[in-house]
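Taking it in order: structure first as structure tokens, then the write-up.
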Amino acid sequence: MPSTARPLHGDASRAAAALSAADGRPRAHTARTRAIVCGLDVEPCDLYIVRHAIAAERGEEWPDDTKRPLTEEGIARFKEAVGGLAWLDVEIDEIFTSPLVRAKQTATLLAHGLGNKTSVKTLEALAPGHTPPQVMNELSRTAKRHRIALVGHEPGLGDLAAHLVGAPRPLPFKKGGVCYVAIQGLASRRPGELVWFLPPKVLRRLAR
45 MPSTARPLHG DASRAAAALS AADGRPRAHT ARTRAIVCGL DVEPCDLYIV
95 RHAIAAERGE EWPDDTKRPL TEEGIARFKE AVGGLAWLDV EIDEIFTSPL
145 VRAKQTATLL AHGLGNKTSV KTLEALAPGH TPPQVMNELS RTAKRHRIAL
195 VGHEPGLGDL AAHLVGAPRP LPFKKGGVCY VAIQGLASRR PGELVWFLPP
245 KVLRRLAR
């Protein structure tokens, strides 16, 4: 059967070329086997790290930063970006979000856009000011499945992604951008695999 991949241009073309599988389509999942770490059977995990979509600016209207909502533009653009994730065949079993309103709204859009029937859960460590080890420690105590989305904020997400893949510097997330990291287990200290890292405009292009 011929490939269903659509022609891409610019950033989308370069991203897809770097990520394409044998059928010419960017990969959503990599083939990995169960790993033995320190003598323990560890289930590999797919982590999708998502920065919240465009939100209202700080100011007199929103003196409490935790309550700033997504803008109409932010909602519309992120819905398109989620369409790109669907095109990539992304499947998510659990979604964890920062307790801040803009992150919760983004997580809900993600769940609805992918047809995810599980409820969105709050992970306090995804709020600003927490370290990558704090995020992973809380996640390892809470997560029940192995295809997980984490919705949060910069600079914390950039630090988390770098921590997971052993990068020397934070990975810069644009609002609505998504990073897919494959790890050997939530408690594993081995560097994970950066499968892809896509800005929102590329995800929106994939959805068209």
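At position 143 of the sequence shown the residue is numbered 187 (our numbering), and the sequence of numbers has no breaks. Just so you know, even glycine gets a beta-carbon here, dropped at the ideal spot from N, CA and C.
* For Arg165, which three-state DSSP category applies? -> Position 121 of the sequence shown, counted from the first residue, corresponds to residue 165. Checking the sequence shown, residue 165 turns out to be Lys, not Arg. Strand, per DSSP.
* Opposite Leu91 in the DSSP bridges: which residues? -> One-based indexing of the sequence shown puts residue 91 at position 47. Paired residue(s): Ile192, Val225.
* The beta strand (DSSP E) enclosing Trp240, as first and last residue numbers -> Numbered from its first residue, the sequence shown carries residue 240 at position 196. Start and end: 237-242.
* Between the C-alpha atoms of Lys123 and Gly210, what's the straight-line distance to the nearest angstrom? -> The residue given as residue 123 occupies position 79 in the sequence shown. The residue given as residue 210 occupies position 166 in the sequence shown. Taking the straight line joining both Cα atoms gives about 31 angstroms.
* Identify the continuous beta strand (DSSP E) that holds Thr141 and give its terminal residues. => Here residue 141 refers to the residue found at position 97 of the sequence shown. Segment 138-141, the beta strand (DSSP E) holding Thr141.
* Could you give the C-beta distance for Val195 and Ala120, rounded to a whole number, given that I count them as a contact under 8 angstroms? -> As a position in the sequence shown, residue 195 is number 151, starting the count at 1. As a position in the sequence shown, residue 120 is number 76, starting the count at 1. About 18 angstroms; that fails the 8 angstroms criterion.
* Rounded distance between the beta-carbons of Ala226 and Glu237, thought under 8 angstroms -> As a position in the sequence shown, residue 237 is number 193, starting the count at 1. As a position in the sequence shown, residue 226 is number 182, starting the count at 1. Indeed, because the Cβ distance is near 4 angstroms, the residues count as touching under 8 angstroms.
* Asked: Among the residues of its own chain, which have a CB less than 6 angstroms from the CB of Lys188, if the five just before and after it don't count?
  -> For this step, residue 188 is matched to residue 144 along the sequence shown. Within the same chain, no residue comes within 6 angstroms of Lys188 by CB-CB distance, once the 5 residues on both sides are set aside.
* Hey, how far is the Cα of Pro235 from the Cα of Ala151? -> Numbered from its first residue, the sequence shown carries residue 235 at position 191. Numbered from its first residue, the sequence shown carries residue 151 at position 107. Each residue's Cα considered, the two are about 26 angstroms apart.
* Find out if the Cβ-Cβ distance for the pair Ile136, Ala193 is shorter than 8 angstroms. => Stepping through the sequence shown from its first residue, residue 136 is reached at position 92. Stepping through the sequence shown from its first residue, residue 193 is reached at position 149. Yes, the Cβ-Cβ distance between Ile136 and Ala193 is below 8 angstroms.
* To do: Could you tell me which of Leu230, Gly229, Pro216 sits nearest to Pro243, measuring between CA atoms?
  => Within the sequence shown, the letter at position 199 stands for residue 243. Cα-wise, what sits closest to Pro243 is Pro216.
* DSSP state of Gly157 mapped onto helix, strand, coil -> In the sequence shown, counting from the first residue as 1, residue 157 sits at position 113. Helix at Gly157.
* Asked: Quick one: is Arg102 buried, meaning 16 or more other Cβ sit within 10 Å of its Cβ, or exposed?
  -> The residue you call residue 102 lines up with position 58 of the sequence shown. So Arg102 counts as exposed.
* Asked: Under a three-way DSSP split, which group does Leu132 fall into?
  -> Stepping through the sequence shown from its first residue, residue 132 is reached at position 88. Note: Leu132 maps to coil in three-state DSSP.
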